[in-house]
Amino acid sequence: MPRRPEPAPRPSTIGRRDVLRGAALTAASMVLTSTGAAAATAAPTTVPGWDAAVPWQRVFPARAVALLAGQGADDVNQTRDRFAVHATDLGVMWRDGRGRVAIAFGDTYGPGWGGNGAGPHTADWRCNVLAHASNPSLADGLRIDSMITDRPGHAAQILARDTSVAEETVIPTAGIAVGSRDVLHYMSVRHWGAAGTWVTNYAGLAYSDDGGQTWAKPVNNRWSATGGGARFQLGAFAADGDTVYLFGTPQGRFGDVVLARVATDRLLDPASYQYWTAQGWDRTGLDRTVPVLAGPVGELSVLYNEHLRRWVALYLDESRAAIVARTAPAPNGPWTGGWIVAHGQDFGGLYGAFLHPASTGRELYFAMSQWTPYHVRLMSLSADELPVESNLVQDGGFEDRPPGAGVGPWRVNGRGGVDQGLGYARSGENNGWIRADAGWNDLFQKVAVRPGARHRLTGWVRSSAATDGGYLGVRRPDGGGTIAEAPFGHVADYAPLTVEFTADEAGEAEVFCGGWAGSGGEVWIQLDDVVLEPLD
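Counting in this note's numbering, the sequence shown runs from 1 upward without gaps.
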């Protein structure tokens with residue numbers, strides 16, 4: 001049998017503005033199904049976790065509490081009138097050195113703001129601003145008490161731009177306090193690029209010893225945009241006793257998450273950081289980090305939740321126009337495959353997902369941005385809605401999606417997709433499909449795996465009578481070859497296939513299911529309930 005071709009390059013994502021923002025994929029399109037017909041309307045069925053009033057409508061659990069900054073409904077803070085903050089985004093939150101909740105916003109605009117999205121630069125543009133809040137009850141919103149100002153009623157830019165490089169803006173990505181000192185991780189943006197991409201000069205740490213009034217940006221605690229440092233251009237801090245973890249992603253929204261740790265009293269000393277590698281924690285491992293969460297991961301925040309007794313991560317998945325939650329027993333994983341908590345179909349142009357530091361109990365709160373009209377809302381989410389199962393695959397049952405959504409987080413080589421509510425699923429309402437009338441066709445997704453650990457992949461498949469070259473398996477990304485696979489031919493009814501393997505030092509792999517076009521006619525394969533579990 002001929003060798004299966006290597007995966008094609010990542011397909012382009014849904015259309016987005018070429019800036020650090022998001023937009024919703026709101027229009028449902030006709031979807032080719034595993035039977036080859038356009039998707040038809042099916043009779044509604046009551047399914048747990050779905051809206052019985054709308055066929056196959058997944059109900060996403062996050063809800064809007066109140067506006068945090070900018071303009072819009074439920075504006076409890078009136079930042080336009082109080083601080084000349086007409087429009088802003090992000091809202092990175094941490095408990096500061098004085099016990100307040102500090103909230104760092106990104107590009108901010110005043111009078112002259114265009115009314116939709118960022119800009120123009122002439123509209124009292126500030127690259128970043130900082131607010132403080134102290135109310136313990138968040139059920140009705142997070143109330144901003146004050147902002148750092150440069151004159152009465154005008155929020156000041158806190159992090160200066162770097163005039164020594166070509167810099168479009170400087171954006172805070174994470175914050176933490178060590179004693180009375182506040183520390184921000186920031187990125188120096190050289191220029192915005194195509195959808196979901198941008199180019200950075202470097203990432204760095206800034207600190208303030210006076211409650212956020214003034215900030216220093218030392219040149220000796222930066223991560224270069226090349227080499228291993230390129231994986232830490234965006235950050236997320238998470239504290240655990242005397243240790244601070246720094247989760248890193250590269251410029252843009254399509255990278256994996258890597259991990260570093262450092263003693264709290266050495267936070268500003270890059271030489272003291274240890275990096276998570278295939279061999280474990282290593283102070284010299286910056287260039288050898290391995291992923292702890294597989295991408296695509298956009299703006300990220302992480303904290304430990306006492307109610308779940310697990311670490312929680314929230315981030316933007318650009319390919320799905322969704323905020324996704326994952327949990328893990330430890331910062332280095334294994335992290336669950338994830339679960340959509342908010343979708344662009346409900347919150348147009350959503351991005352950013354920055355957890356409030358009090359999100360340690362049953363109720364979680366986070367700041368979420370919307371490009372249209374360019375503001376930040378406080379959102380709430382029950383911890384009981386978050387995934388805790390050991391499955392490393394995202395949406396292995398193809399259920400975590402609104403009607404008309406694309407295949408994400410799965411990807412396709414050739415012909416493939418998701419049947420929604422057509423009665424072909426093994427469980428739930430949806431299933432994946434592959435059709436092969438020429439060459440090799442498959443569904444696949446990238447996963448993070450613990451180097452050297454044993455794993456088991458299970459998937460349920462059903463296939464046409466002409467199938468004689470089907471495979472479920474695990475391969476190395478970017479054409480690195482097959483790690484393990486299980487062949488199959490005609491499978492009349494759903495049956496499980498299982499593959500066990502030992503992960504190599506790369507720390508990532510691609511789960512796939514696909515098949516070759518057969519000599520006896522067109523081949524179709526249906527896939528459901530895919531599970532990847534660590535065995536060690």
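Think of the CB as a built atom: it goes at the ideal place given N, C-alpha and C, for glycine as much as any other residue. Quick caveat, the model's predicted, so the values are computed rather than measured.
Assuming V183 contacts G193 (C-beta within less than 8 Å), just tell me the rounded distance between them.
The residue given as residue 183 occupies position 183 in the sequence shown. The residue given as residue 193 occupies position 193 in the sequence shown. The pair is not a contact, with the Cβ atoms about 28 Å apart (cut-off 8 Å).
Starting from T249, follow the alpha helix (DSSP H) in both directions and report where the run begins and ends.
What you label residue 249 is simply residue 249 of the sequence shown in a count that begins at 1. Residue range 243-249 is occupied by the beta strand (DSSP E) that includes T249, with no alpha helix (DSSP H) assigned at that position.
Flag this pair as touching only if the stretch 107-123 and the stretch 135-143 have three or more C-beta atom pairs under 8 Å; answer yes or no.
no
Contact between the stretch 356-367 and the stretch 275-284 (3+ Cβ pairs under 8 Å):
no
Can you tell me which of P451, G99, A353, A436 puts its alpha carbon nearest to the alpha carbon of G470?
Working through the sequence shown from its first residue, we reach residue 470 at position 470. The shortest C-alpha separation from G470 is found at A436.
Taking F354 as part of the beta strand (DSSP E), name the residues at either end of that continuous run.
To locate residue 354, count along the sequence shown from 1; it is residue 354. 350-355 is the extent of the beta strand (DSSP E) around F354.
Top-ranked residue by Cα proximity to L381, from L364, G397, S369, N391:
The residue labelled residue 381 in the question sits at position 381 within the sequence shown. The shortest C-alpha separation from L381 is found at L364.
From the DSSP secondary-structure annotation, give me the bridge partner or partners of K217.
For the purposes of this step, residue 217 is taken as residue 217 along the sequence shown, with counting starting at 1. Paired residue(s): none; K217 is not in a bridge.
Boundaries (first-last residue) of the beta strand (DSSP E) holding R95:
As a position in the sequence shown, residue 95 is number 95, starting the count at 1. Residues 90-95.
Simplified DSSP state of P331, which is helix, strand or coil
Residue numbering aside, residue 331 sits at position 331 when the sequence shown is read from its first letter. Coil at P331, not helix or strand.
Helix, strand or coil for L268? Go by DSSP, reduced to three states.
In the sequence shown, residue 268 corresponds to position 268, counting from 1. In this structure, L268 counts as coil in the three-state DSSP scheme.
Work out the CA separation of F444 and G106 for me, nearest whole Å.
Reading the sequence shown from its first residue, position 106 is the one you call residue 106. Reading the sequence shown from its first residue, position 444 is the one you call residue 444. When the Cα atoms are used, G106 and F444 turn out to be separated by approximately 35 Å.
Entirely enclosed beta strand (DSSP E) segments - the stretch 357-440, minimum 3 residues:
363-370, 375-382, 411-413, 415-420, 430-436
Please identify the residue among Y351, F237, A260 whose C-alpha is closest to the C-alpha of V312.
Residue numbering aside, residue 312 sits at position 312 when the sequence shown is read from its first letter. Answer by Cα proximity: F237.
Let me know the secondary structure DSSP gives L308 once reduced to three states.
The count along the sequence shown starts at 1 and reaches residue 308 at position 308. Looking at L308 - three-state DSSP - the assignment turns out to be coil, as it is neither helix nor strand.
Identify every run of the beta strand (DSSP E) within the stretch 436-496, keeping only runs that are complete inside it and at least 3 residues long; order them along the chain.
440-448, 454-463, 470-476, 481-488
Helix, strand or coil for G117, going by three-state DSSP, please let me know.
Counting from one through the sequence shown, the residue named residue 117 turns up at place 117. The answer is coil: DSSP assigns G117 none of H, G, I, E or B.
State the Cα-Cα distance for the pair M30 and G404, rounded to the nearest angstrom.
The residue you call residue 30 lines up with position 30 of the sequence shown. The residue you call residue 404 lines up with position 404 of the sequence shown. Low per-residue confidence applies at M30: pLDDT is 27, beneath 50, and the placement is therefore not dependable, though the value from the model is reported in the following sentence. Each residue's Cα considered, the two are about 7 Å apart.
Residue(s) in a DSSP beta bridge with S146
Residue numbering aside, residue 146 sits at position 146 when the sequence shown is read from its first letter. For S146, which the question treats as bridged, DSSP gives the partners H132.
Is T277 helix, strand or coil by DSSP?
As a position in the sequence shown, residue 277 is number 277, starting the count at 1. Note: T277 maps to strand in three-state DSSP.
Residue(s) in a DSSP beta bridge with R126
The sequence position of residue 126 within the sequence shown is 126, counting from 1. T108.
Kindly indicate the opening and closing residues of the beta strand (DSSP E) around F83.
Start at 1 with the first residue of the sequence shown, and residue 83 comes out as number 83. Element bounds for F83: not the beta strand (DSSP E) but the alpha helix (DSSP H), 79-83.
For T243, the nearest candidate out of S164, A195, P331, F254 (CA to CA):
Walking along the sequence shown from the start, residue 243 turns up at place 243. Ranking S164, A195, P331, F254 by Cα distance to T243 puts P331 first.
From the DSSP secondary-structure annotation, give me the bridge partner or partners of F512.
Taking the sequence shown and counting its residues from 1, one reaches residue 512 at position 512. The partner list for F512 (beta bridge, DSSP) reads F444, G473.
DSSP beta-bridge partners of S237
As a working mapping, residue 237 is identified with position 237 in the sequence shown. Contrary to the premise, residue 237 reads as Phe rather than Ser in this sequence. Note: F237 sits in a beta bridge opposite L246.
Determine the DSSP secondary structure at L68, reduced to helix, strand or coil.
Numbered from its first residue, the sequence shown carries residue 68 at position 68. Three-state result, L68: strand.
Excluding sequence positions up to five away, which residues of its chain have a Cβ less than 7 Å from the Cβ of D493?
As a first step, residue 493 is located in the sequence shown; it is residue number 493 there, counting from the start. Once the five neighbours on either side are set aside, the close Cβ partners of D493 are R462.
Within its chain, find whatever has a CB closer than 8 Å to the CB of L259; leave out the 5 residues flanking it on each side and keep chain order.
The count along the sequence shown starts at 1 and reaches residue 259 at position 259. For L259, where only same-chain residues beyond five positions count, the Cβ hits under 8 Å are Y245, L246, F247, G248, Y275, W276, T289, V292, P331, N332.
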